[in-house]
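5 is the number of the first residue of the sequence shown in the numbering used here; add one for each residue after it.
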Amino acid sequence: MLCMSERLQSIIDQRGPIRTIGVIGMGYVGIPAAALFADAPEFDSVIGFQRDSASSGYKIAMLNRGESPLKGEEPGLEELLTKVVGAGKFRCTSDFSKIAECDAVALAIQTPFLDPKDLIPDFSALNEGLRNVGRYITEGVLVVLESTITPGTTAGMAREVLEAESGLVAGEEFCLAHAPERVMVGRLLRNIREHDRIVGGIDEVSTARAVELYRPVLTTGKIIPMTATAAEVTKTAENAFRDLQIAAANQLALHCEAMGVNVYDVRTGIDSLKGEGITRAVLWPGAGVGGHCLTKDSWHLERGAQVLGGDLWYPHGEESVFGVARALNEFMPRHMVHLTLEGLRRAGKGPAGATITLLGWAFIQNSDDTRNTPAEPYLAAMEDVGAEVRVHDPFVDEIEVSHDLDETLAGADAVVIFTAHRHYFALEAAQMKALSGEEHPVIIDGRNVVDPDAFIRAGFIYKGIGRGDKNSHPIR
Ligand code: SAJ
Numbered sequence: 005m006l007c008m009s010e011r012l013q014s015i016i017d018q019r020g021p022i023r024t025i026g027v028i029g030m031g032y033v034g035i036p037a038a039a040l041f042a043d044a045p046e047f048d049s050v051i052g053f054q055r056d057s058a059s060s061g062y063k064i065a066m067l068n069r070g071e072s073p074l075k076g077e078e079p080g081l082e083e084l085l086t087k088v089v090g091a092g093k094f095r096c097t098s099d100f101s102k103i104a105e106c107d108a109v110a111l112a113i114q115t116p117f118l119d120p121k122d123l124i125p126d127f128s129a130l131n132e133g134l135r136n137v138g139r140y141i142t143e144g145v146l147v148v149l150e151s152t153i154t155p156g157t158t159a160g161m162a163r164e165v166l167e168a169e170s171g172l173v174a175g176e177e178f179c180l181a182h183a184p185e186r187v188m189v190g191r192l193l194r195n196i197r198e199h200d201r202i203v204g205g206i207d208e209v210s211t212a213r214a215v216e217l218y219r220p221v222l223t224t225g226k227i228i229p230m231t232a233t234a235a236e237v238t239k240t241a242e243n244a245f246r247d248l249q250i251a252a253a254n255q256l257a258l259h260c261e262a263m264g265v266n267v268y269d270v271r272t273g274i275d276s277l278k279g280e281g282i283t284r285a286v287l288w289p290g291a292g293v294g295g296h297c298l299t300k301d302s303w304h305l306e307r308g309a310q311v312l313g314g315d316l317w318y319p320h321g322e323e324s325v326f327g328v329a330r331a332l333n334e335f336m337p338r339h340m341v342h343l344t345l346e347g348l349r350r351a352g353k354g355p356a357g358a359t360i361t362l363l364g365w366a367f368i369q370n371s372d373d374t375r376n377t378p379a380e381p382y383l384a385a386m387e388d389v390g391a392e393v394r395v396h397d398p399f400v401d402e403i404e405v406s407h408d409l410d411e412t413l414a415g416a417d418a419v420v421i422f423t424a425h426r427h428y429f430a431l432e433a434a435q436m437k438a439l440s441g442e443e444h445p446v447i448i449d450g451r452n453v454v455d456p457d458a459f460i461r462a463g464f465i466y467k468g469i470g471r472g473d474k475n476s477h478p479i480r
């Protein structure tokens, strides 16, 4: 009597090597993945699956013309799509029944949170994708989840849905794995080729089959095999660690403000500690943490520990360090409100009726990506206390966002820098003071962009994140 994995191995041996690959979800994860699979000589063809929905259906025709539907610069992607479509190695369809032709299927479907506070991820799109895949997969297929998911999902909910829809048994009649994406907008192809790839199966046979799928697309990246759950924890933890490092820098900044110290001097000092086995990754304090990775991945990790961790044990009643880090990073926009109110108070003003110029709406410098921008809670809080906020951002094309810096600065009682766009490093104190028309305009620097002394000399009231050495300066 063959054990489960021996049975699965014999089914795979009969099926032969992976030839046809399906990728579900033609977004910024699925499209480069499909193009790179199609470009690998080891594989015969790739089918991209995209729901023909009102919001995304247009991608199908574009992709079949070899065009990329992704916004922004993605070096090499459009050429690669033209090449593989032209070679007949890649096509896109909304006909999910074609999954039956695939030896391997990768799901690249987004998993946002409806509301991070209740830790309930919105798996509805992923669920629909899994049901579609389960409906059409055949014996010996490999199913891989690439989306960032709560630890326990692959071996739990995903396995259950796939088995229920297909009538097949995971680990015995088909392979199941998690291989988290590590792509960053603007370098999608490079990330997939060059980053090491975590590949985690629900069993050894699944892991090995997933390694066969991903090894051909790596150039300098290496395969790092592990279990599916370990792969889910790795992905969520690698971002939770980054969020934690940023929170540590933010905490230090708040302490330095209280102690009258320049946090950037302290950062330079700490960073100078080098040498064998010494590691100090001091990141940068700032106005807050935005984006779609760090704002949710810690909660996926926490939820995994709560759902999976039967005997989870740490200081009871205490928040985990990742939860404390999230709360501190979410606090930083409120600290920017505090600095603004303190600056206005020094100028003899209250927030009601004050004109605030907010510089930077994107969540990250020199980008148009506004997802979960920390500027949003700041704007809401300032409007709640009666201020009028005008937003400038040279990269963001949204209704309330201006591209005219002088116009946005005119009549400002306070100028608040939220994003370190390169344009803001050229801000001129004297010119800004003239535009404000105020005797003592306020400037709040959330990203260490301006020189405090230049603005103080020009008569500004300065406050900066972590600038305990300047935040109580004499007014000129
Ligand atoms: N931020 C700080 N201080 C820092 C670094 C970032 O306040 O020292 C803020 C940024 O202003 C931004 C937010 O944190 O609002 C996120 O910045 P990020 O550089 O982490 O950019 P993301 O969100 O695009 O993170 C992605 C992640 N990549 C993937 O999930 C595949 C993250 O794991 C990468 O480390 C990061 O890119 C990167 O290094 O570029």
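Where a beta carbon is used, it is the ideal one built from N, C-alpha and C, also for glycine.
Could you work out which residue in E208, Y382, V221 is closest to T231 when comparing CA atoms only?
The residue with the shortest Cα to Cα distance from T231 is E208.
Using 7 Å as the cut-off, classify the Cβ of F367 as near or not near the heavy atoms of the ligand SAJ, replying yes or no.
Correct: F367 has its Cβ closer than 7 Å to the ligand SAJ.
Determine the DSSP secondary structure at T152, reduced to helix, strand or coil.
T152: coil per DSSP, three-state reduction.
Helix or strand or just coil, what does DSSP make of A241?
Helix, per DSSP.
From what residue to what residue does the alpha helix (DSSP H) around D17 run?
Note, D17: alpha helix (DSSP H), 8-19.
Going by the C-beta, is C260 closer than 7 Å to any heavy atom of the ligand SAJ?
No, the beta carbon of C260 sits no closer than 7 Å to any heavy atom of the ligand SAJ.
Is there at least one non-hydrogen atom of the ligand SAJ closer than 7 Å to the beta-carbon of C297?
Result yes, Cβ under 7 Å from the ligand SAJ.
DSSP has D119 in a bridge; who is on the other side?
I124.
Can you tell me whether V420 is helix, strand or coil according to DSSP?
It is a strand residue.
Among V420, L439, E236, which one has its Cα closest to the Cα of R394?
Answer by Cα proximity: V420.
Check each candidate in L192, L111, T211 and name the one with the smallest Cα separation from G76.
It is L192.
Give the secondary structure of D449 by DSSP, where H, G and I count as helix, E and B as strand, and everything else as coil.
Three-state result, D449: strand.
Looking only at its own chain, which residues have a Cβ that is under 8 Å from the Cβ of R461, when we skip the five neighbours before and after it?
A433, R480, listed in sequence order.
Put E392 into one of helix, strand or coil per three-state DSSP.
Here E392 sits in strand by DSSP.
For S276, count the other beta carbons within 10 Å of its own beta carbon; 16 or more makes it buried, fewer makes it exposed. Which is it?
S276 is exposed by the Cβ-count criterion.
When DSSP labels each residue in this structure, what does D427 get in the three-state scheme?
The question names Asp, but residue 427 is His in the sequence shown. In this structure, H427 counts as helix in the three-state DSSP scheme.
In this structure, what does DSSP give as the bridge partners for M230?
Note: M230 sits in a beta bridge opposite G204.
In whole angstroms, what is the alpha-carbon distance linking R375 and N68?
Spanning the two alpha carbons is a distance of roughly 29 Å.
Within a Cβ cutoff of 7 Å, which residues of the same chain sit near I274, ignoring the five residues on either side of it in sequence?
Closer than 7 Å at the Cβ level, and outside the excluded window around I274, lie R284, V286.
From this set, V215, L149, R246, E392, which residue's C-alpha is nearest C297's C-alpha?
The candidate whose alpha carbon is nearest that of C297 is R246.
With a threshold of 16 other CB atoms inside 10 Å of the CB of L305, please say whether the residue is buried or exposed.
Buried, since its Cβ has 16 or more Cβ neighbours within 10 Å.
So, helix, strand or coil for A264, using DSSP?
For the sequence presented, residue 264 should be read as Gly rather than Ala. Coil, per DSSP.
Can you give me the start and stop residues for the alpha helix (DSSP H) that H444 sits inside?
It is not in any alpha helix (DSSP H) - H444 carries neither H nor E in the DSSP assignment.
The beta strand (DSSP E) that contains A181, what's its start and end?
179-182 is the span of the beta strand (DSSP E), which, as asked, contains A181.
Please report the straight-line C-alpha distance between L439 and L362, rounded to a whole angstrom.
Each residue's Cα considered, the two are about 15 Å apart.
Are the stretch 320-336 and the stretch 251-266 in contact at 8 Å, needing three or more beta carbon pairs?
Yes, since at least three Cβ pairs between the stretch 320-336 and the stretch 251-266 fall closer than 8 Å, the two stretches touch.
Does the beta-carbon of N370 have 16 or more other beta-carbons within 10 angstroms, so that it is buried, or is it exposed?
Exposed, because fewer than 16 other Cβ atoms sit within 10 Å of the Cβ of N370.
In its own chain, which residues sit with a C-beta less than 8 Å from the C-beta of G138, not counting the 5 before and 5 after it?
Closer than 8 Å at Cβ, skipping near neighbours: V165, L166, E167, A168, E169, S170.
Tell me the rounded alpha-carbon separation between I103 and V148.
Distance between the alpha carbons of I103 and V148 is about 13 Å.
Please classify S371: does DSSP put it in a helix, a strand, or coil?
Correct three-state label for S371: coil.
Please state whether the Cβ-Cβ distance between L180 and R163 is less than 8 Å.
Result yes, Cβ atoms of L180 and R163 sit closer than 8 Å.
Would you say the beta carbon of I460 is closer than 7 Å to some non-hydrogen atom of the ligand SAJ?
Checking every heavy atom of the ligand SAJ against the Cβ of I460, none is found closer than 7 Å.
Answer yes or no: do L81 and P36 have a C-beta to C-beta separation smaller than 8 Å?
Yes.
In its own chain, which residues sit with a C-beta less than 7 Å from the C-beta of P398, not counting the 5 before and 5 after it?
Here the set comprises H407, H425, H427.
Is T359 closer than 8 Å to E402 when the C-beta atoms are compared?
Taking 8 Å as the Cβ cut-off, E402 and T359 do not qualify as a contacting pair.
Put I469 into one of helix, strand or coil per three-state DSSP.
In the structure shown, I469 sits in coil (DSSP, three-state: anything other than H, G, I, E or B).
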